[in-house]
Amino acid sequence: MTGEWPMELRRTAAWLLLIVAVIAPATASAEERIKAVATFSILGDLVRQVGGERVAVTNLVGPDADTHSFSPSPDDARRLAGADIVFVNGLGFEGWIERLIRASGTRAPVVVASSGAKTIAGSRDHADHGHDHVPGSLADSHDDPHAWQSVANAKLYVAAIRDGLSRIDAAHAAGYAENARAYSEKLDALDAEIRATISEIPEARRRIITTHDSFGYYTQAYGLRFVAPQGLSTDSEAGPRDVARIIRQIRQQKIPAVFLESIADPRLMEQIARESGARVGGRIYSDALSAADGPAPGYIEMMRANLRAFREALG
Numbered sequence: 001m002t003g004e005w006p007m008e009l010r011r012t013a014a015w016l017l018l019i020v021a022v023i024a025p026a027t028a029s030a031e032e033r034i035k036a037v038a039t040f041s042i043l044g045d046l047v048r049q050v051g052g053e054r055v056a057v058t059n060l061v062g063p064d065a066d067t068h069s070f071s072p073s074p075d076d077a078r079r080l081a082g083a084d085i086v087f088v089n090g091l092g093f094e095g096w097i098e099r100l101i102r103a104s105g106t107r108a109p110v111v112v113a114s115s116g117a118k119t120i121a122g123s124r125d126h127a128d129h130g131h132d133h134v135p136g137s138l139a140d141s142h143d144d145p146h147a148w149q150s151v152a153n154a155k156l157y158v159a160a161i162r163d164g165l166s167r168i169d170a171a172h173a174a175g176y177a178e179n180a181r182a183y184s185e186k187l188d189a190l191d192a193e194i195r196a197t198i199s200e201i202p203e204a205r206r207r208i209i210t211t212h213d214s215f216g217y218y219t220q221a222y223g224l225r226f227v228a229p230q231g232l233s234t235d236s237e238a239g240p241r242d243v244a245r246i247i248r249q250i251r252q253q254k255i256p257a258v259f260l261e262s263i264a265d266p267r268l269m270e271q272i273a274r275e276s277g278a279r280v281g282g283r284i285y286s287d288a289l290s291a292a293d294g295p296a297p298g299y300i301e302m303m304r305a306n307l308r309a310f311r312e313a314l315g
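One point on numbering: in full-length UniProt numbering, the residue at position 92 of the sequence shown is 92, and numbering is uninterrupted.
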């Protein structure tokens, strides 16, 4: 009897090894990270904040790059094809996205992050610049697409991201909800910080010149007024009349500072500053984050970097 135990133990061990061999691939597969694609770096950071370690995020348009004028490559189509979920801004911001989705053949769900945002009408029809013009589509909108410039809207983006991830990965929905809650608290603190800082700037000095019309939501939320020679899209070019109008406005309204956008050629704004006598207030971030080692590697850092630039130039 004593001699039979080693055989039984060996059989038990063999079964255990077989069970482990069968279960291990399934467990590894279940814990594979969600592959998310975001169209641009600001949105990608918000997805990272909600997804945490569970989600691997790839941005199509990288730091300091212009989403308006972006030209997708075959590699971008392959990224979409391999994605589990795709996040877009919507409101016509990515005029190329529907063509890319069709070309990629992706079956991943597409989450429009701005779907719950409180939008404002665009001052110029940016849909005339390189968009697909499919009514009711991702590429068709007459609203200002830069909704993230209001922190209140950024919180709505976070909610849309949370819901999108939870739909495809229900087992981790509680984690996404907790990440979204914790990040939203940070956004509340950011919003209060912006309001407090801008309240210290004399109202007569709360006027700014930027490259393109990307800060309408910031104006609505925080009271800084922005003037831009280009429209909502950088695809539109400022003509001599636009530049002359801006220069007259700077002189008449005594606008103190001109800001360079990270995504734009600085020469136009430098010309306007030179001819109007306004100072160059620095570099700000509108449609893209900075590189990881720059001053604006995340959404909150971007908003704080812009706030510092505004305060130093206007305060």
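The beta-carbon is built from N, C-alpha and C at its ideal position, and this holds for glycine as well.
Here the structure is a predicted model, which means the values were calculated and not measured.
message: Below 8 Å, how does it come out for the stretch 74 to 90 and the stretch 183 to 200: are there three or more Cβ pairs, yes or no?
response: no
- request: Report back the beta-carbon spacing between V37 and R79 to the nearest angstrom; my notes put them in contact at under 8 Å.
  value: 6 Å
query: Hey, quick one: how far does the alpha helix (DSSP H) through G60 stretch, first residue to last?
result: According to the sequence shown, residue 60 is Leu rather than Gly. Unbroken run through L60 is the beta strand (DSSP E), V55 to V61; no alpha helix (DSSP H).
query: For S115, which option in I101, L156, I85 and F93 has the closest C-alpha, if you only look at C-alpha atoms?
result: L156
task: Throw me the rounded Cβ distance for the A147 and A192 pair, which I believe falls under 8 Å.
output: The Cβ separation is near 20 Å, so there is no contact.
- request: Give, in chain order, every unbroken run of the beta strand (DSSP E) that is at least 3 residues long and sits entirely within the stretch 196 to 282.
  value: 207 to 209, 225 to 227 and 257 to 261
- prompt: To which residues of the same chain is R195 closer than 7 Å at the C-beta, ignoring the five residues directly before and after it?
  reply: Contacts found: Y222.
query: If you compare alpha carbons, which of E203, P109 and D45 is closest to P63?
result: D45
field: Span of the alpha helix (DSSP H), counted from its first residue to its last, around F70
entry: Taken as a continuous stretch (DSSP letters only), F70 belongs to no alpha helix (DSSP H), as it is neither H nor E.
- request: Just list the beta strand (DSSP E) runs in the stretch 77 to 111, keeping only unbroken ones of 3 residues or longer that don't cross its boundaries, in chain order.
  value: Taken in chain order, the complete beta strand (DSSP E) segments of 3 residues or longer contained in the stretch 77 to 111 are 85 to 88.
- prompt: First and last residue of the alpha helix (DSSP H) that includes I42?
  reply: S41 to G51
query: Taking the alpha-carbon positions, what's the S41 to P202 distance?
result: 33 Å
task: From the DSSP output, in three-state form, read off A292 for me.
output: coil
- prompt: What are the partner residues of D38, as DSSP defines its beta bridges?
  reply: Note that residue 38 corresponds to Ala in the displayed sequence, not to Asp. BP columns for A38 point to N59 and F87.
C-alpha distance - G298 paired with I246, whole-angstrom precision: 31 Å
Burial state of A21, where buried means 16 or more other Cβ atoms lie within 10 Å: Residue placement at A21 cannot be trusted, given a pLDDT of 39 that sits under 50; the coordinates are not used to answer.
- request: Report yes if the CB atom of G52 is closer than 8 Å to the CB atom of P109, and no otherwise.
  value: no
query: Going straight from the alpha carbon of S290 to that of N153, what length do you get?
result: 21 Å
- request: With E312 as the anchor, note down where its alpha helix (DSSP H) starts and where it stops.
  value: Going by DSSP, E312 is part of the alpha helix (DSSP H) stretching over Y299 to L314.
task: Per DSSP, which residues does I161 bridge with? Please list them.
output: According to DSSP, I161 bridges with nothing at all.
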